[in-house]
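Numbering (this note's numbering), first residue to last: 10 to 581.
For glycine and all other residues, C-beta sits at the position ideal for the given N, C-alpha and C.
The model shown is predicted, which means the values in this text are computed figures rather than measured ones.
First comes the structure, then the notes that go with it.
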Ligand code: GLY
């Protein structure tokens, strides 16, 4: 039972004062600038996103009589403009939609696809060595974008408002511009060397030969024109016509693989979501080509019967058991996960309670050594974005969207303002090769024409008694699925108020590297010592997640946009 139930005002008070059980161990909340925009309460609707303008775009849709999907579509296009470092119409994503009429959510897959001419050895030289950065920067890193197709499909099926109304806030934001905020400034600085390689990119993000900086006004005129074309022509505005021609022309200019047919053949897939159960609550999350849902459920299954709620989120016993479950999940991820349209993924086995029992029995009191957990890992980056939307009648939309690394490939398709993704880097460039994260690629995730690269994105909806309870997700590469799992545990198992469940220090174990990575400032010293005695290496380094969560509580909607970031939650 959550402690804070009676009145909304007492809820806010306790929530921010951390009404946590005395006996539990909890590290300090992550250092943050607490701002009121990060937490909100409402009775009619709720939004949590990583962009203030984008949350406002969603709010506008509700005010105009739109529904949660109209808001989600408006946020998707707006966040494409507001966070060009994280996501955009040159990328892709996943979306779960649940309406009261549905038994289970619809899971839309609009992940990028490898071009028709792509092949498993495209990132290797003639000696089969990996060509450095080929899957990361420039045209060869680009998968055929899916975001426009996915969002338009959701809007067409469920939206109430016309497309031009839904897209208006994004078009206005792109043409009028907005001031560069600290997270965008950091990304621009970090990626300037790649961005300046391409004149089409430089034209947008540089002034007088210098990368734009904090407080400068970022106007994206070409992007506004592209968005206007989509608003008028729908799908054809992106996948046919002048925008498509410009994407193909840019691809040819740099010797890339994307052609007219890649765009024409792009398809959105309705997947069956992954379904799990944790102590009577039903968890729905994304299916392959994301690994997210499978492993969120696998980790929760593994520790379900340990009664960790008595110890608290940062007790050595909790951290040890959860980390061991994470370690196994990542070993399995490398071995089995990939695009299920191309490879067999044993989903049923991985999410079964029987397998979880076996994993739990293999965990003793010490950390497992890397060699004793069979398999390898994969690759990914820590950008991306997530938003959650919900309304009082039980319509819920959660979507995680990405262009992969900061500014994706770094390449803007000439004259379109579209920052093209570098999602191809989420494939294994070679079996057994380590990636940027020291992780190892598996054969199920090798490149093939029209295949979708493996993801960790985990848009998740939790139901209680068949009604939506919790909706959440986050960016941050491989950490996505562990951050989502941690917040579910914090809320359901440790019974933290939502704000604290999101703000609490989080940790991550991905088997390779063999360490527990923990948000600053790390675990309390006594916990750290005990974990080290169990054989763990502890690396204090922020996980980079930015959870956007909504819960239904006591007749209210309660939203939290991770206080680590610059997003905003808004509800009425
Ligand atoms: N590119 C991040 C992910 O798909 O998980």
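Check whether the Cβ of residue i lies closer than 7 Å to any heavy atom of ligand 1, and answer yes or no.
i	result
residue 465	yes
residue 231	no
residue 413	yes
residue 432	yes
residue 153	no
residue 553	no
residue 435	yes
residue 489	yes
residue 96	no
residue 181	no
residue 394	no
Over the uninterrupted beta strand (DSSP E) stretch that includes residue i, give me the two end residues.
i	result
residue 470	469 to 473
residue 568	565 to 570
residue 400	394 to 400
residue 279	278 to 280
residue 409	405 to 411
residue 514	Unbroken run through residue 514: none, as it is neither H nor E.
residue 555	Where residue 555 is concerned, there is no enclosing beta strand (DSSP E), given that its DSSP letter is neither H nor E.
residue 118	115 to 119
residue 548	547 to 549
residue 283	283 to 287
residue 477	476 to 481
residue 600	Outside the shown range of the chain (10 to 581) lies residue 600, about which nothing can therefore be said.
residue 51	48 to 51
residue 56	54 to 58
residue 526	525 to 527
residue 580	577 to 580
residue 290	290 to 294
Give me, in chain order, the residues of the same chain whose beta-carbon lies closer than 6 Å to that of residue i; leave out the 5 immediate sequence neighbours on both sides.
i	result
residue 542	none
residue 562	none
residue 525	332, 516, 518, 545 and 547
residue 390	For residue 390, the predicted structure reports a pLDDT of 49, less than 50, and the residue's modelled location is therefore unreliable. A value from the coordinates is still provided. Once the five neighbours on either side are set aside, the close Cβ partners of residue 390 are 413, 414 and 486.
residue 491	335 and 517
residue 86	176 and 179
residue 64	56, 58, 577 and 579
residue 423	209, 255 and 259
Please go through the same chain and pick out, in chain order, the residues whose beta-carbon is closer than 8 Å to the beta-carbon of residue i, but skip the five residues on each side of it.
i	result
residue 539	325
residue 163	78, 81, 82, 104, 106, 117 and 406
From what residue to what residue does the alpha helix (DSSP H) around residue i run?
i	result
residue 534	534 to 542
residue 71	61 to 72
residue 497	488 to 497
residue 248	245 to 248
residue 233	230 to 242
residue 364	362 to 371
residue 573	Neither: residue 573 is in no alpha helix (DSSP H) and is coded neither H nor E.
residue 77	77 to 91
residue 183	172 to 185
Taking residue i as the reference, give the member of the options with the closest Cα.
i	options	result
residue 159	130, 121 and 435	121
residue 335	355, 368 and 323	368
residue 250	235, 261, 187 and 263	235
residue 418	360, 293, 425 and 434	434
residue 507	470, 456, 571 and 411	571
residue 167	138, 362 and 108	108
residue 373	484, 329 and 358	329
residue 375	347, 327, 408 and 353	327
residue 555	565, 493, 194 and 260	493
residue 170	550, 71 and 503	71
residue 667	147, 502 and 509	Lying before the first or after the last residue shown, residue 667 is absent from the chain, which here runs from 10 to 581.
residue 520	45, 271 and 378	378
residue 321	575, 528 and 510	510
residue 270	125, 76 and 505	125
residue 346	311, 299 and 363	299
residue 460	279, 350 and 495	350
Grab me the residues of residue i's own chain with a C-beta within less than 7 Å of its C-beta, minus the 5 sequence neighbours each way, in chain order.
i	result
residue 384	Annotation note: pLDDT 45 at residue 384 (below 50); position unreliable, no value reported.
residue 161	243 and 244
residue 31	Low local confidence applies: a pLDDT of 38 at residue 31 is under 50, so the model's placement there is unreliable, and no value is given.
residue 129	455, 456 and 457
residue 42	Because the pLDDT of residue 42 is 44, which lies under 50, any placement of that residue in the model is unreliable, and the number read from its coordinates should be weighed accordingly. None.
residue 314	none
residue 26	In this predicted model, residue 26 has a pLDDT of only 32, less than 50, meaning its place in the structure is not dependable enough to derive any value.
Is any non-hydrogen atom of ligand 2 found closer than 7 Å to the C-beta of residue i, if you look at the structure I gave you?
i	result
residue 486	No copy of ligand 2 occurs in the structure displayed; its ligands are ligand 1 alone.
What does DSSP give as the partner residues of residue i in its beta bridges?
i	result
residue 133	139
residue 562	565
residue 103	118 and 409
residue 464	299
residue 153	122
Distance cutoff 8 Å, beta carbons only. Does residue i sit that close to anything in chain B?
i	result
residue 56	In the structure shown, chain B does not exist; there is a single protein chain.
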